[in-house]
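A.B. asks: Quick one: the structure is below, and I'll ask about it shortly.
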Amino acid sequence: MFGKDFQHKYALSEQGVKNVKQGTLWTVIVNLVVMGGMGILFLMMSRYMNTLTTGAELPKALPILLLVLAFVVLSFLTHLQQYKATYGLVYGEVKNVRIGLAERLRKLPLGYFGKRDLADLTETIMGDVNRLEHVWSHCLGYLYGSYVSTAIIAVMLFAYNWKLALACLWGVPVAFALLFGSRKLARRNSEITKAAGIQVSDGIQETLENIREVRATNQEDRFLKELGDKIDHHEATMIRGELSTGIFVNAASVIMRLGVTTTILTGTTMILSGQIDFMTLFMFLLVITRVYAPFDQALALIAEMFVSQVSANRLMEIQDAKTAEGAERFAPQGHDIVFNKVGFAYKVNSGEAGREGGLGRDDKQVLDGVSFTAKEGEVTALVGPSGSGKSTCARLAARLWDIDKGSIEVGGVDIATVDPEVLLTDYAMVFQDVVLFDDTVMENIRLGRHGATDEEVIRAARAANCEEFVSKLPRGYDTPIGENGAKLSGGERQRISIARALLKNAPIVLLDEATASLDVENETKVQGALSRLLQGKTVLVIAHRMRTVEAADHIVVLSEGKVAEEGRPEDLLQKDGGIFRRMAELQTASAGWSI
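Anchor point for the sequence shown: position 553 equals 552 in numbering that gives the first Met the number 0, and the numbering is continuous, going up by one each time.
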């Protein structure tokens with residue numbers, strides 16, 4: 000009952016399955032104890048009925064009071080243990096599940112995130128886990144406990160009087176069969192509702208992120224109308240889903256309650272025929288109230304469990320995704336980066352990158368047979384037209400994606416065999432899209448090396464030309480910069496990112512359009528700082544502007560995913576018909592353009 004299929008079906012961990020077992024056990028105990036309370040009531044009523052019918056002496060009050068007191072204490076203790084075994088254990092497990100999800104996401108290759116947007120992942124971590132939390136704490140233990148306790152009671156009832164037992168319990172399997180028959184409809188409605196909810200989250204996020212463009216183009220009404228339509232669609236799908244589920248749940252509850260009617264009719268007939276006495280019918284009526292009580296809640300819980308399986312599937316999709324793994328030890332002989340016939344494609348259909356199995360019809364080949372070497376102690380520049388694969392090379396060099404063909408080695412070690420987190424300790428990166436945190440300037444730069452002193456942070460900031468704008472901030476390096484550096488300009492954000500890379504002082508530095516947001520004066524200063532501080536390191540620079548890479552030791556020109564040219568800048572500038580020379584000439588010509 001609690002095997003691997005059960006565990007996967009409800010996205011439970013090993014500890015989660017143990018928690019459900021404990022919850023089920025204590026639910027069975029609680030249901031049997033409560034049924035024992037009905038036994039005490041039946042005992043009292045039979046004694047009083049015996050007094051009324053035969054004139055026997057009234058039962059003494061003290062034994063009955065002691066029995067009731069014992070029942071109350073036992074009921075309290077068992078309910079307390081049931082609460083701890085369901086709610087208490089589950090709430091601690093939910094924390095572990097969320098942390099485990101975050102750890103899993105941290106180990107997934109970047110290709111996985113191509114098919115999952117931020118709103119979708121947030122909904123899984125928060126919304127789906129919240130829904131499953133309710134199922135784990137309120138549903139599974141109670142439902143399976145009700146199954147077991149009802150089976151035990153049913154055996155006793157059938158052993159006592161099978162006719163009345165059948166009249167009592169026939170509605171239970173019929174009601175559950177009706178609900179189980181509706182589970183496909185419930186799942187489909189849940190999937191539609193979930194998709195509509197994600198569309199609403201996406202719409203809100205998109206509108207907030209692009210609010211300046213929306214206002215600048217006077218598109219407020221159109222965006223609000225589109226968002227309103229998404230919200231209305233989500234509301235309509237929720238209503239349809241709740242209505243269809245509610246119809247089946249209430250119909251099942253009515254069918255189950257018909258057991259009271261059939262019990263009374265069957266019992267009355269049997270009394271009139273002399274097969275049973277009134278107290279037997281009374282006992283069955285007492286039992287039926289307790290048999291139906293847990294199932295009243297269970298009917299609604301089953302419907303919620305059907306819906307929750309959509310959330311469980313989304314959760315397990317993350318848990319089952321293949322992680323980027325490798326050796327925990329990385330000891331290269333130097334830090335030369337060697338690309339050897341590297342092939343790579345973005346998997347458009349699946350959203351994954353670098354997945355084995357060849358190209359699909361819509362997959363986009365980015366690199367094809369790329370070979371070059373970025374030597375230690377030199378600056379190697381990757382240049383070429385947009386879409387030629389420059390940024391992809393930089394990301395592959397750090398194993399942010401896994402390649403399809405060929406190999407990439409660092410110091411003679413194939414990076415595909417090294418754990419990405421271990422590998423990245425030797426890398427410092429500055430990409431086009433700078434990511435900053437809602438913290439101070441000091442702490443954002445300190446992310447480059449945990450435990451760096453304030454003096455080391457300030458030294459790196461000065462080398463990246465941050466001192467100029469930091470000195471103008473209200474609290475200097477202790478000034479909060481807002482979400483993703485919202486209080487800073489693009490150039491200032493880029494310089495903080497460069498300072499972070501300089502602080503890390505890793506033997507390999509990847510600069511992807513690192514000076515793209517800087518003006519000519521600041522670009523020159525940062526290039527001077529990089530020239531001084533990156534000596535002896537393996538530096539891979541990606542840039543469109545020729546002046547950014549003119550001081551490089553080696554240039555690799557990419558075109559249509561292949562190496563078209565490579566060599567020293569001065570040699571490539573002398574090559575007739577060369578791509579690098581043509582790009583340099585075009586930029587020189589465009590430099591004279593003015594409004």
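All residues carry an ideal CB built from backbone N, CA and C; glycine is no exception.
Within 10 Å of its beta-carbon, does residue 95 have 16 or more other beta-carbons around it, so buried, or fewer, so exposed?
C.D. replies: Flag for residue 95 reads exposed.
A.B. asks: Would you kindly report the start and end of the unbroken beta strand (DSSP E) that includes residue 417?
C.D. replies: No residue range can be given for residue 417, since it is assigned to no beta strand (DSSP E) and is classified by DSSP as neither H nor E.
A.B. asks: Put residue 150 into one of helix, strand or coil per three-state DSSP.
C.D. replies: helix
A.B. asks: Leaving aside the five residues before and after residue 173 along the sequence, list all residues of the same chain whose C-beta is less than 6 Å from its C-beta, in chain order.
C.D. replies: Around residue 173: 254.
A.B. asks: By Cβ distance, which residues of its chain are closer than 6 Å to residue 25, with the 5 residues on each side in sequence left out?
C.D. replies: 80, 81 and 84
A.B. asks: Please name the residue, chosen from 549, 191, 217 and 228, that lies closest to residue 203 on a Cα-to-Cα basis.
C.D. replies: 228
A.B. asks: Secondary structure at residue 488, three-state DSSP: helix, strand or coil?
C.D. replies: coil
A.B. asks: Apart from the five residues just before and just after residue 575, which ones in its own chain have a Cβ nearer than 6 Å to its Cβ?
C.D. replies: none
A.B. asks: List the residues that DSSP assigns as beta-bridge partners of residue 326.
C.D. replies: Per DSSP, the beta-bridge partners of residue 326 are 417.
A.B. asks: So is residue 295 buried or exposed if we call it buried at 16+ other beta carbons inside 10 Å?
C.D. replies: exposed
A.B. asks: With DSSP collapsed to three states, give me the class of residue 479.
C.D. replies: strand
A.B. asks: Mind checking whether residue 635 and residue 425 have CB atoms under 8 Å apart?
C.D. replies: Coverage of the chain is limited to positions 0 through 594, which leaves residue 635 absent and any answer about it impossible.
A.B. asks: If contacts are defined as beta-carbon pairs under 8 Å, then residue 375 and residue 334 qualify, I think. What distance do you get, rounded to the angstrom?
C.D. replies: 5 Å
A.B. asks: Tell me the rounded alpha-carbon separation between residue 52 and residue 45.
C.D. replies: Computed Cα separation, rounded: 10 Å.
A.B. asks: If you count every other CB in all the chains shown that lies within 10 Å of the CB of residue 135, and 16 or more means buried, which is it?
C.D. replies: buried
A.B. asks: Among 429, 536, 481 and 501, which one has its Cα closest to the Cα of residue 493?
C.D. replies: 429
A.B. asks: Report the residue from 241, 219, 128 and 42 whose alpha carbon sits nearest the alpha carbon of residue 278.
C.D. replies: 42
A.B. asks: For residue 409, which of helix, strand or coil comes out of DSSP?
C.D. replies: strand
A.B. asks: Can you tell me whether residue 370 is helix, strand or coil according to DSSP?
C.D. replies: strand
A.B. asks: Restricting to Cα atoms, I'd like to know which of 468, 455, 407 and 392 is closest to residue 510.
C.D. replies: 392
A.B. asks: For residue 326, is the classification buried or exposed, using 16 other Cβ atoms within 10 angstroms of its Cβ as the cut-off for buried?
C.D. replies: exposed
A.B. asks: So residue 21 and residue 88 are supposed to be a Cβ contact under 8 Å. How far apart are they, rounded?
C.D. replies: 7 Å
A.B. asks: Does the contact criterion of 3 or more C-beta pairs under 8 Å hold for the region 376–390 versus the region 544–553?
C.D. replies: yes
A.B. asks: Look at the Cβ atom of residue 604, then the Cβ atom of residue 387, and state whether they are nearer than 8 Å.
C.D. replies: The structure shown does not extend to residue 604, since the chain spans only 0 to 594, so no value can be given for it.
A.B. asks: At the level of alpha carbons, what is the spacing between residue 316 and residue 482?
C.D. replies: A straight-line Cα-Cα distance of about 30 Å links residue 316 and residue 482.
A.B. asks: For residue 426, list the residues DSSP reports as bridge partners.
C.D. replies: Paired residue(s): 507.
A.B. asks: Straight-line CA distance for residue 12 to residue 5?
C.D. replies: 11 Å
A.B. asks: Which of the three DSSP states, helix, strand or coil, is assigned to residue 8?
C.D. replies: helix
A.B. asks: Where does the unbroken alpha helix (DSSP H) through residue 90 begin, and where does it stop?
C.D. replies: Here the alpha helix (DSSP H) through residue 90 covers 88–106.
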